[in-house]
Amino acid sequence: MSELPNTIPLLFEQSQITEFDDTRATQINYPKDFGEKIQQFSNISEFMFIFGKTNWEETVGGVQLFNLTNFKIKKVVTGEQVCILLTEDGKCYAMGNLTNLNLSSTLSAPIVTEPTLIDWTVNDPVEDVFAHNFICFLTKNKELYFFTDYSSGSIASGKLDPKHYNYEKIKSIDLGFENILILTENNNIYGYGSNYTGQLGFPFDNLSQFKKADTSYIKSKIIKVFCTYNTSIILTEDGKCYACGDPTYAANGQLQPENSNIHLFKLIPNLQNEFIENVIPGLFFVALKASK
Numbered sequence: 004m005s006e007l008p009n010t011i012p013l014l015f016e017q018s019q020i021t022e023f024d025d026t027r028a029t030q031i032n033y034p035k036d037f038g039e040k041i042q043q044f045s046n047i048s049e050f051m052f053i054f055g056k057t058n059w060e061e062t063v064g065g066v067q068l069f070n071l072t073n074f075k076i077k078k079v080v081t082g083e084q085v086c087i088l089l090t091e092d093g094k095c096y097a098m099g100n101l102t103n104l105n106l107s108s109t110l111s112a113p114i115v116t117e118p119t120l121i122d123w124t125v126n127d128p129v130e131d132v133f134a135h136n137f138i139c140f141l142t143k144n145k146e147l148y149f150f151t152d153y154s155s156g157s158i159a160s161g162k163l164d165p166k167h168y169n170y171e172k173i174k175s176i177d178l179g180f181e182n183i184l185i186l187t188e189n190n191n192i193y194g195y196g197s198n199y200t201g202q203l204g205f206p207f208d209n210l211s212q213f214k215k216a217d218t219s220y221i222k223s224k225i226i227k228v229f230c231t232y233n234t235s236i237i238l239t240e241d242g243k244c245y246a247c248g249d250p251t252y253a254a255n256g257q258l259q260p261e262n263s264n265i266h267l268f269k270l271i272p273n274l275q276n277e278f279i280e281n282v283i284p285g286l287f288f289v290a291l292k293a294s295k
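Just so we're aligned: 196 in my numbering is position 193 of the sequence shown, and the numbers increase by one with no gaps anywhere.
Structure (structure tokens):
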């Protein structure tokens, strides 16, 4: 942990780290306290930093600090306009621009600037949470809650009827810009939402209902799915990656002409001799971890 504080000045000028909104944060004197706060955040998640300009509130110096001493945070995710905190006991708290999402009866205001409890998660604890333009909660009972204001779809916000993924047990989920992929224990992949670059495994029509992609030609067991803004990647148990979607700048690893069956999940050619352990998707590009 001793090296972590040394990376912080790369993000901020000293003059920027002088004060914060005192309604929810404490004064930080750089550099004396800054490393201590970061170390606490990294070790026991007592503090959360938001860096950059949000569209729901102007930030002073581009930074806000939230004291999470009373939370036991398991995971923090950020979507296009929201931030969701998942605690170790399965409760979720939301903040940001929640217009038309109808996340909870306790979140009726369109703009929420403090982490606020999503009330139904008290009685239906959450195991994992995902956020982009859609927000998904996978509960410990393996039920999926799905919230969106996606205008081109026909799926209502709330608990997702398992009929949409053929009542199969969910194994992996990921979200793109306005789309979702669900991998089930039956080795099937179901997609919904924006598909304008074929990123859900189908020709280029958006999907107004969940639909199963054809992955029958992939003989290995699929262990996880990943999404970027407009591409998708499959990881198999034998360490192979298959990708579909927008090939611009080879963002999905496929060196091929545009619109040449880019909706099909294809083996990423330059990785055929590698064993991929994990995929870390970004907005458009991905990082891959290969075993030595």
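Ideal Cβ positions, reconstructed from N, Cα and C, are used throughout, including at glycine.
ask   = Among L110, P128, I114, A246, which residue has its Cα nearest to the Cα of L120?
value = Closest by alpha carbon: L110.
key: D177 in three-state terms, based on DSSP   = Strand at D177.
key: Close-in-space but distant-in-sequence residues of the same chain around I192 (CB under 8 angstroms, 5 per side omitted)   = Leaving aside the five residues that flank I192 on each side, the residues in its chain whose CB is nearer than 8 angstroms to its CB run, in chain order, L184, I185, L186, G204, K215, A216, T218, I225, V228, I237.
task = Starting from Y96, follow the beta strand (DSSP E) in both directions and report where the run begins and ends.
result = From DSSP, the beta strand (DSSP E) with Y96 extends over 95–100.
Element boundaries [beta strand (DSSP E), containing D131] = First-last of the beta strand (DSSP E) with D131: 129–134.
ask   = Which class does T234 belong to by DSSP, given the choice of helix, strand or coil?
value = T234 falls in the strand class under three-state DSSP.
inquiry  = Classify N198: buried if its beta carbon has 16 or more other beta carbons within 10 angstroms, exposed otherwise.
reply    = So N198 ends up on the buried side.
query = If we call anything under 8 angstroms between Cβ atoms a contact, is G256 one with L274?
reply = Yes, the Cβ-Cβ distance between G256 and L274 is below 8 angstroms.
Min CB distance F133 to chain B below 8 angstroms = Looking at the structure shown, chain B is missing, and only one protein chain is on hand.
message = Can you tell me where the beta strand (DSSP E) holding T116 begins and where it ends?
response = Run containing T116: 114–120, per the beta strand (DSSP E) assignment.
key: Buried versus exposed, by CB contacts within 10 Å (16 or more), I271   = Buried is the call here.
ask   = Are the CB atoms of K75 and L89 nearer to each other than 8 angstroms?
value = L89 sits away from K75, with the two beta carbons spaced by 8 angstroms or more.
key: Between the CA atoms of N144 and V125 - distance to the nearest angstrom   = Going by the C-alpha atoms only, they are around 13 angstroms apart.
inquiry  = Let me check one thing: in DSSP terms, what residues is Y245 bridge-paired to?
reply    = Per DSSP, the beta bridge partners of Y245 are I237, L270.
task = Throw me the rounded Cβ distance for the T239 and A254 pair, which I believe falls under 8 angstroms.
result = With a Cβ gap of about 20 angstroms, T239 and A254 do not count as contacting.
Residues bridged to G196 [DSSP beta-bridge criterion] = According to DSSP, G196 bridges with N182, L210.
key: Minimum C-alpha distance to C244 - residue among N209, C86, K292   = Nearest C-alpha to C244: K292.
ask   = Is K75 helix, strand or coil when you go by DSSP?
value = K75 falls in the coil class under three-state DSSP.
request  = Just the C-alpha distance for D164 and L178, rounded to the nearest angstrom, thanks.
outcome  = The straight-line gap from Cα to Cα measures roughly 18 angstroms.
H266 vs G201 beta-carbon contact at 8 angstroms = Against a cut-off of 8 angstroms, the Cβ pair of G201 and H266 comes out as a contact.
request  = Please classify P250: does DSSP put it in a helix, a strand, or coil?
outcome  = P250: coil per DSSP, three-state reduction.
request  = Decide if I283 is buried, meaning its Cβ has at least 16 other Cβ atoms within 10 Å, or exposed.
outcome  = Exposed, by the Cβ-count rule.
request  = Quick one: measure Cβ to Cβ for V79 and A97, integer angstroms, because I've assumed they're closer than 8 angstroms.
outcome  = Incorrect: roughly 11 angstroms between the Cβ atoms, too far for contact.
query = Can you tell me whether DSSP reads K145 as helix, strand or coil?
reply = K145: coil per DSSP, three-state reduction.
request  = Report all residues from its chain with a CB closer than 6 angstroms to the CB of E188; omit the five preceding and five following residues, and keep chain order.
outcome  = Cβ neighbours of E188 beyond the five flanking positions: K172, K174.
task = With DSSP collapsed to three states, give me the class of K222.
result = If DSSP states are grouped into helix, strand and coil, K222 belongs with coil.
key: Simplified DSSP assignment, three categories, for K172   = DSSP places K172 in coil when its eight states are reduced to three.
inquiry  = In the DSSP output, what is T187 paired with across the bridge?
reply    = Per DSSP, I173.
key: Of the listed residues G82, P118, N105, G99, nearest to N73 (C-alpha basis)   = Here the closest residue by C-alpha is P118.
task = For the beta strand (DSSP E) containing V125, list its first residue and its last residue.
result = Counting along the chain, V125 falls outside any beta strand (DSSP E), and DSSP gives it neither H nor E.
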